[in-house]
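Counting in our numbering, the sequence shown runs from -2 upward without gaps.
C-beta: ideal position from N, C-alpha, C; glycine also.
Below is one structure; the comments refer to it alone.
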Amino acid sequence: MDEFERHGIGVVSGRDACVHALRSPGLTSDPGGGSPSVLLRDGDGHARVRGVLREIIAGLEPLPDSVRAAIEAVVGGLGTSFDLVRDFARPVAGAVTSAVLGVPLDDVFLDHLEKTTANLDVFGGTDRAGQASAFRLAVQLSRTPAGPGGLTALRAAHAAGRLDDDELMLNPVVLAHAAYENSLNFLACAGLELASSPTPKSVRELVTSICPARYVLRFGPDGPLAVSLTDGLPFGLGSHACPGSGVALAEGEVALGALAKLLDGGCQVQDVRWKSHPVFHGLASAQVVVSV
Ligand code: HEM
C-alpha cells in the first residue's frame, strides 16, 4: 500500500484516466473551507483570481532582458565547483519569482517559501511549520513596498474590487510559491541530467520526463484523489493548468542553455541527494565539479 492509500487518497494514473479526471466537472480542487487561494477553489471565484494572476504572468512573456541577464549572471558566477540546487536552481528560480512579484527576495524569504511546500501537504497539512511560513510570508508581503510587477498589480486589482481582502493577503504567496517551487525542482533535476548524460534533450522533453509536480489533488464524491501528471502532463490540464508554463519553459531555455555551455567540456557529479516529498519531486543537493 502506498502513502496515498494509507491516507485514504485514491490514485488516478495512466494518461487517458488522468486527462479524463482533470477535465471532469465532477471533481473539484476545493477541499472545502473556503480558501481564498487560486489553487484550492473552482468556479467564478477561481476564474476571477486566476485572471488577475494570468495578467501578471503575461508581463514576463516574452522573458524580459533584465530577467535573462539575471539568470545568465547566476550561471556566469558558478565557477568550477558548485551545488546544483543551492548555487544554480535556487538563485535562478528566485530571480524569476522576484521578477514575477516585482520585489527583491532574499535567502530568508526563499527558505520560508521552500518550507511552505509542507503547507501543501496532501495528507492534511499537519506540518504547522509550513503553515507558519506561508502566514509569515503573507504578512511580510502585505507590508512590502513594491515597484512595477505582480504585487503592485495584485494591490491594484484589490483596489478595483477584483480581489477581496483575503484573496489579496494569500495569493501573492501562492503565486510566489507556484513560480518558485516547481521551477527550483525542475532546474536542479534538469541540471543533473545535463551533467550526467551526453544526450541533449529539449527543455520541454526534460520537463515532461522529470515532471517536478508528480500529482495534483482533486476531491470527488468518493473522497480525495491524487491525479498523476507523470504520463506527459507536467503542467497539468483543465481549468487549473499551469498559467506560468511559458515562463517556466523560457526560464529553462536560458538557464539550462547557459549551464550546458559551462558543462560542455565535461564534469563530475558527487553527493546526489533527493528530497522525499510525495508530490514535489526534486533534488536536495548535488555537487558538480567542472573539468578544467
Ligand atoms: C517547471 C516549472 C513549473 C511546473 C512543472 C508547474 C506545474 C504546475 C501544475 C501541475 C499546476 C496545476 C496545479 C493543479 O492543477 O492543481 C500549476 C499551477 C500553477 N502554476 Fe505552475 N508550474 C511551473 C512553473 C510556474 C511558474 C514559473 C509560474 C509563474 C510565473 C507558475 C504559476 C502557477 C500558478 C499561478 C498556478 C495555479 C493555477 C490555478 O490554480 O488556476 N508556475 N503549475
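Hey, out of Arg12, Val16, Ser26 and His17, whose CA is closest to Gly220's CA? Sequence index remark: in the sequence shown, residue 220 carries index 223 (1-based). Nearest of Arg12, Val16, Ser26 and His17 to Gly220, Cα basis: Ser26.
Taking only the alpha-carbon atoms, compute the straight-line gap between Gly76 and Ala135 and give it to the nearest angstrom. In the sequence shown, the residue the question calls residue 76 occupies position 79. In the sequence shown, the residue the question calls residue 135 occupies position 138. Distance between the alpha carbons of Gly76 and Ala135: 35 angstroms.
Tell me the DSSP secondary structure of Asn116 in three-state form. For the purposes of this step, residue 116 is identified with residue 119 of the sequence shown, where counting begins at 1. Unreliable positioning characterises Asn116 in this predicted model, as indicated by a pLDDT of 47, which lies under 50. A coordinate reading is not provided.
Using a threshold of 8 angstroms, is the CB atom of Val8 nearer than that to any non-hydrogen atom of the ligand HEM? If you number the sequence shown from 1, residue 8 lands on position 11. Not under cutoff, so the answer is no.
How big is the Cα-Cα spacing for Gly127 and Val251? Taking the first residue of the sequence shown as 1, we reach residue 127 at position 130. Taking the first residue of the sequence shown as 1, we reach residue 251 at position 254. Looking at the two C-alpha atoms, the distance is approximately 31 angstroms.
Threshold first: 4 residues or longer. Then list the alpha helix (DSSP H) segments lying entirely within the stretch 162 to 207, N to C. 162 to 193 and 200 to 207
Just curious, the alpha helix (DSSP H) that Val136 is in, first and last residue? Sequence index remark: in the sequence shown, residue 136 carries index 139 (1-based). Note, Val136: alpha helix (DSSP H), Arg125 to Arg140.
Neighbourhood of Gln267 by C-beta distance below 6 angstroms, restricted to the same chain and skipping five residues each side: Locating residue 267 in the sequence shown gives position 270, where the first residue counts as 1. Excluding residues within five positions, the ones whose Cβ falls inside 6 angstroms are Gln284.
Cβ distance (whole Å) where Val170 is taken to contact Leu138 below 8 angstroms: As a working note, residue 170 is residue 173 in the sequence shown. As a working note, residue 138 is residue 141 in the sequence shown. Contact flag correct, Cβ pair sits at about 6 angstroms.
Enumerate in chain order the residues of its own chain whose CB-to-CB distance from Thr113 is below 6 angstroms, with the five nearest sequence positions on each side excluded. As a position in the sequence shown, residue 113 is number 116, starting the count at 1. So the list reads Gly127, Ser130, Ala131 and His174, once near-sequence residues are dropped.
Within 9 angstroms, strictly: CB atoms of Ser180 and Ala96: Within the sequence shown, the letter at position 183 stands for residue 180. Within the sequence shown, the letter at position 99 stands for residue 96. No. Outside cutoff.
How big is the Cα-Cα spacing for Ala255 and Pro88? One-based indexing of the sequence shown puts residue 255 at position 258. One-based indexing of the sequence shown puts residue 88 at position 91. About 14 angstroms.
N- and C-terminal bounds of the beta strand (DSSP E) containing Ser225: As a working note, residue 225 is residue 228 in the sequence shown. Its beta strand (DSSP E) spans residues Gly220 to Ser225.
Close Cβ partners of Val82 (< 6 angstroms) along its chain, the five nearest in sequence each way excluded: If you number the sequence shown from 1, residue 82 lands on position 85. The answer, listed in chain order, is Ala185, Leu280 and Ser282.
By DSSP's criteria, Leu214 is part of a beta bridge. Which residues make up the other side? Locating residue 214 in the sequence shown gives position 217, where the first residue counts as 1. BP columns for Leu214 point to Ala223.
Using CA atoms only, rank isn't needed, just tell me which of Leu260, Gly217 and Thr205 is closest to Ala18. Position 21 of the sequence shown, counted from the start, is the residue given in the question as residue 18. Answer by Cα proximity: Gly217.
Can you look up Thr25 in the DSSP assignment and give me helix, strand or coil? For this step, residue 25 is matched to residue 28 along the sequence shown. Note: Thr25 maps to strand in three-state DSSP.
Could you check if Cys15 belongs to the surroundings of the ligand HEM, using beta carbon to heavy atom distance under 8 angstroms? As a working mapping, residue 15 is identified with position 18 in the sequence shown. No, since every heavy atom of the ligand HEM falls outside the 8 angstroms radius drawn around the Cβ of Cys15.
What is the residue span of the alpha helix (DSSP H) that Val72 lies within? Taking the sequence shown and counting its residues from 1, the one referred to as residue 72 is at position 75. Val72 -> alpha helix (DSSP H) spans Asp62 to Gly73.
Taking 8 angstroms as the cut-off, is the CB of Ile54 close to at least one heavy atom of the ligand HEM? Translated into the one-based positions of the sequence shown, residue 54 becomes position 57. Correct: Ile54 has its Cβ closer than 8 angstroms to the ligand HEM.
What are the boundary residues of the alpha helix (DSSP H) that Phe232 is part of? Within the sequence shown, numbered from 1, the residue matching residue 232 stands at position 235. Segment: none, Phe232 is in no alpha helix (DSSP H) and carries neither H nor E.
Could you tell me whether the Cβ atoms of Pro370 and Tyr177 are closer together than 9 angstroms? What is shown of the chain runs -2 to 289, which leaves residue 370 out entirely.
Euclidean distance between Cα positions of Ile53 and Gly99: In the sequence shown, the residue the question calls residue 53 occupies position 56. In the sequence shown, the residue the question calls residue 99 occupies position 102. Roughly 10 angstroms separates the two Cα atoms.
Is it true that the CB of Ala247 sits closer than 9 angstroms to the CB of Pro231? Sequence index remark: in the sequence shown, residue 231 carries index 234 (1-based). Sequence index remark: in the sequence shown, residue 247 carries index 250 (1-based). Not in contact: Pro231 and Ala247 (Cβ atoms no closer than 9 angstroms).
Would you kindly work out how many angstroms separate the C-alpha atoms of Thr227 and Pro22, rounded to a whole number? Mapped onto the sequence shown, residue 227 falls at position 230. Mapped onto the sequence shown, residue 22 falls at position 25. Computed Cα separation, rounded: 22 angstroms.
Where Leu253 sits in the DSSP three-state scheme: In the sequence shown, residue 253 corresponds to position 256, counting from 1. Of the three classes helix, strand and coil, the one that applies to Leu253 here is helix, per DSSP.
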